Amino acid sequence: MHTDARMLIAVRVVAVTTLLLATLIIQYTVRELLPINYLYTTAGLTYGLTLAYIGVGKLLTSRKLNLVIQISGDLVVETVLVYFTGGLDSPFSFLYLVSIITASMLLYRRGGLLAASGAVILYGALADLMYYGVLPLPEQSWFVPTPWSSSRLYFNMATNFAGFYATAFLTSYLAEKLRKTFEELDANRQNLAELRALNQNVVESIPSGLITLSQEGIVTFINPAGCLILHQDAQSVIGHRIEQFGFYAAGEWQGVPRTLTAEPVVRSEKNDFQIGDETRSLGFALTPLNSIEGMASGYTLIFQDLTDMKKLEAELRLKDRMAAVGELSAGIAHEIRNPLAAIAGSVQVLKKSTALNPQEQRLMSIILKESERLNKSIADFLRFVKPQEKRPAEFDIAASLSETLDLLGNSPELGAGHTIEHSITPPSYTIVGDGDQIRQVFWNIARNAVQAMPDGGTLLVTTEVGDDHYKIVFSDNGRGMNDADQRRLFQPFRTNFPSGTGLGMAISYRIVQEHGGRIDVTSREGVGTAITVSLPVSASIQNAVA
Ligand code: ADP
Ligand code: MG
Numbered sequence: 002m003h004t005d006a007r008m009l010i011a012v013r014v015v016a017v018t019t020l021l022l023a024t025l026i027i028q029y030t031v032r033e034l035l036p037i038n039y040l041y042t043t044a045g046l047t048y049g050l051t052l053a054y055i056g057v058g059k060l061l062t063s064r065k066l067n068l069v070i071q072i073s074g075d076l077v078v079e080t081v082l083v084y085f086t087g088g089l090d091s092p093f094s095f096l097y098l099v100s101i102i103t104a105s106m107l108l109y110r111r112g113g114l115l116a117a118s119g120a121v122i123l124y125g126a127l128a129d130l131m132y133y134g135v136l137p138l139p140e141q142s143w144f145v146p147t148p149w150s151s152s153r154l155y156f157n158m159a160t161n162f163a164g165f166y167a168t169a170f171l172t173s174y175l176a177e178k179l180r181k182t183f184e185e186l187d188a189n190r191q192n193l194a195e196l197r198a199l200n201q202n203v204v205e206s207i208p209s210g211l212i213t214l215s216q217e218g219i220v221t222f223i224n225p226a227g228c229l230i231l232h233q234d235a236q237s238v239i240g241h242r243i244e245q246f247g248f249y250a251a252g253e254w255q256g257v258p259r260t261l262t263a264e265p266v267v268r269s270e271k272n273d274f275q276i277g278d279e280t281r282s283l284g285f286a287l288t289p290l291n292s293i294e295g296m297a298s299g300y301t302l303i304f305q306d307l308t309d310m311k312k313l314e315a316e317l318r319l320k321d322r323m324a325a326v327g328e329l330s331a332g333i334a335h336e337i338r339n340p341l342a343a344i345a346g347s348v349q350v351l352k353k354s355t356a357l358n359p360q361e362q363r364l365m366s367i368i369l370k371e372s373e374r375l376n377k378s379i380a381d382f383l384r385f386v387k388p389q390e391k392r393p394a395e396f397d398i399a400a401s402l403s404e405t406l407d408l409l410g411n412s413p414e415l416g417a418g419h420t421i422e423h424s425i426t427p428p429s430y431t432i433v434g435d436g437d438q439i440r441q442v443f444w445n446i447a448r449n450a451v452q453a454m455p456d457g458g459t460l461l462v463t464t465e466v467g468d469d470h471y472k473i474v475f476s477d478n479g480r481g482m483n484d485a486d487q488r489r490l491f492q493p494f495r496t497n498f499p500s501g502t503g504l505g506m507a508i509s510y511r512i513v514q515e516h517g518g519r520i521d522v523t524s525r526e527g528v529g530t531a532i533t534v535s536l537p538v539s540a541s542i543q544n545a546v547a
């Protein structure tokens, strides 16, 4: 049963019981016999009907139908009571109003008018039947009815009926108004709850950091993304001054609100943002925060970590440039190579001519030597801009190293004053990588060391097997490098050697990096240089090379 119907039953039982008890108390205190038999009758009737209502309520689920049945029953009981207590003279006719008000409140205008009409019909019929003597006066009635004139009868009925309808109209009007207000309030409350949830969701789930600040620059809120970016938890940020977190230098905050009067948003970027022991780039925007009433209540600071984006951007830019330059210069290099081959070939033929005197022979040799050198530079350059594909395999790095050093030891580049010493232990050690490329790295570095000692000297090569790296150190006691040269060591086309191209170290750097290793340099001008190559030996090399 609907709560309204149940409520009505409860209120009715309480009301009737209270009335009954009150009457009994009065009867015993005044010790006068009241004509309350009829009261017992109607009370009994009400209790009986209550049981019926409960039964009906179990069968019918409709709220409206239950209420209509109950109110109709009430009107009938009231009519019975009015009849027993003197009809037109009964003091209980006001009870109709109670039912009309109940109907108006619970069933609104239609229910109220229906109840008023029911009361009019029942009360009118009763009055008429009693007036014309069709219904006999009940015996023992305390309220002895006075004879009524017909005009008084009609006047009485008219005022009662008007009262019934007026009550129905007024009460239902108020009840309906109340219902509408409640509905609106409910809708508003729901909207507010939804808005709040939306707000919460937006703030919690945006990937940007969000901080709200009081006018004085004290943090009042930070969202989860903000905590993540700053590596802080909310408790250690809220309540603290914003300068503490690196957005503004000490004292800088004071000037910030002034700039906001000119612009609605102040955007900034800081590349030396210290978060933990990392330096990051952060972009942030400050906007004034107004309360609902439009009063300035503080600021919002929205921020993003731009570090990775910037790095990516720089890499892309470099790659782009390298690709463009590489493509173009590789094309030019090829264009030079072909005529160069023709020149060298022709000179080769001319050189064989017997008509040449020794001086001319010498010049021809120079042309040949220089074109060979140019050809080699171009080959190096092409290798640099268009690296060959790696062919990773297991190879003996220790053996490769000693072979390369032997080769260099027997090459014409090695002067009388040069010695190459090495201690390669163990003499055999296998790693995964492209053996040819690694051999090229050894050659480039060892040859540089020899070239750096034009007046002779010693190249010492040692190896070391670490936990996860194989390390080779090439140390010479040549002329060494100053700081600027060291910094530019790996840049292409930087050369200080008379016949250099400046590509050897650039290529080596690239190869070692592609193998997941690294090259380190320590050098002192006039003293010597040590170049350390370390290559990973663990399974990770397979990944680095693949
Ligand atoms: P290249 O040998 O064609 O000049 P590299 O890339 O091999 O090009 O070397 C670049 C430059 O680095 C050399 O010209 C030289 O100035 C310097 N350099 C390289 N290795 C050494 C070294 N062991 N000692 C001193 N300077 C060196
Ligand atoms: Mg070199």
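If you count the sequence shown from 1, position 405 lands on 406 in my numbering, and the numbers rise without skipping.
Think of the CB as a built atom: it goes at the ideal place given N, C-alpha and C, for glycine as much as any other residue.
Note that the structure is a prediction, hence the values are computed from the model and not measured.
| message | According to DSSP, simplified to helix, strand and coil, what is R7? | response | helix
| Do G416 and the ligand MG come close, with the Cβ less than 7 Å from some heavy atom? | no
| field | Given 8 Å, three or more beta-carbon pairs between the region 524 to 535 and the region 466 to 481 | value | yes
| field | Span separating the alpha-carbon of H423 from that of V462 | value | 5 Å
| message | Mapping the DSSP letters down to three states, classify G327 as helix, strand or coil. | response | helix
| message | Shorter than 7 Å, the distance from the beta carbon of G479 to the closest heavy atom of the ligand MG, or not? | response | no
| Relative to the ligand MG, what is the chain-ordered list of residues with a Cβ closer than 5 Å to any of its non-hydrogen atoms? | N449, G505
| Ordered along the chain, which non-local residues of its own chain (more than five positions away) have a Cβ less than 6 Å from that of I473? | T464, V534
| request: On the DSSP bridge assignment, give the partners of T533 in chain order. | output: V474, D521
| message | Less than 7 Å separating the Cβ of N376 from some heavy atom of the ligand ADP? | response | Result no, Cβ not under 7 Å from the ligand ADP.
| message | Quick check: what's the CA-CA separation for E371 versus L329? | response | 24 Å
| request: Can you have a look at Q492 and say buried or exposed, based on whether 16 or more other CB atoms are within 10 angstroms of its CB? | output: Taking a 10 Å sphere around the C-beta of Q492, we find fewer than 16 other C-beta atoms and assign the residue as exposed.
| What are the boundary residues of the beta strand (DSSP E) that R268 is part of? | For R268, the enclosing beta strand (DSSP E) has its first and last residue at 267 to 276.
| In chain order, each alpha helix (DSSP H) run of at least 4 residues that lies wholly inside the region 380 to 467 | 398 to 410, 436 to 452
| request: Give a single yes or no on whether N483 has its beta carbon closer than 7 Å to a heavy atom of the ligand ADP. | output: no
| task | To the nearest angstrom, report how far apart Y510 and S524 are at their CA atoms. | result | 17 Å
| Which residues in the same chain as G210 place their Cβ atom closer than 6 Å to its Cβ, once the five residues preceding and following it in sequence are excluded? | A226, G227, I230, F304
| query | So which of A356, S298, V15 has the shortest CA-CA distance to G218? | reply | S298
| task | Return yes when the C-beta of L490 is under 7 Å from any heavy atom of the ligand ADP, and no when it is not. | result | Indeed, a heavy atom of the ligand ADP lies less than 7 Å from the Cβ.
| message | Can you give me the C-alpha to C-alpha distance between E177 and L21, rounded to a whole angstrom? | response | About 34 Å.
| request: Report yes if the CB atom of L357 is closer than 8 Å to the CB atom of M365, and no otherwise. | output: Against a cut-off of 8 Å, the Cβ pair of M365 and L357 comes out as a contact.
| query | Curious, which full-length alpha helix (DSSP H) runs of at least 4 residues does the region 38 to 78 contain? | reply | 38 to 60
| query | Does L193 have its Cβ less than 8 Å from a Cβ in chain D? | reply | Structure shown: chain D not included; a single protein chain is present.
| message | Measuring straight from C-alpha to C-alpha, what distance separates I55 and T18? | response | 17 Å
| query | Should the region 35 to 50 be called in touch with the region 96 to 107, which here means at least 3 C-beta pairs below 8 Å? | reply | no
| query | Applying the criterion that 16 or more other CB atoms from any shown protein chain within 10 Å of the CB defines a buried residue, is I26 buried or exposed? | reply | exposed
| task | Note the first and the last residue of the continuous alpha helix (DSSP H) segment covering V220. | result | Per DSSP, V220 belongs to no alpha helix (DSSP H); it is in the beta strand (DSSP E), 220 to 223.
| task | Quickly, what does DSSP pair R281 with across the bridge? List them, please. | result | Per DSSP, the beta bridge partners of R281 are F274.
| query | Helix or strand or just coil, what does DSSP make of R489? | reply | Three-state result, R489: coil.
| request: Enumerate in chain order the residues of its own chain whose CB-to-CB distance from V386 is below 7 Å, with the five nearest sequence positions on each side excluded. | output: If we look at V386 and ignore the five residues flanking it on each side, its Cβ neighbours are G327, S330, A331.
| Exposure of M310, with buried meaning 16 or more beta-carbon neighbours within 10 Å | With fewer than 16 other Cβ atoms within 10 Å, it is exposed.
| said: Quick check on S151: buried or exposed, where buried means 16 or more other Cβ atoms within 10 Å of its Cβ? | reply: exposed
| Tell me which same chain residues have a C-beta within less than 6 Å of the C-beta of T431, skipping the five on either side of it? | Answer for T431: E395, D397, listed in chain order.
| field | Classification of H232 by the beta-carbon crowding that lies within 10 angstroms, buried from 16 upward | value | exposed
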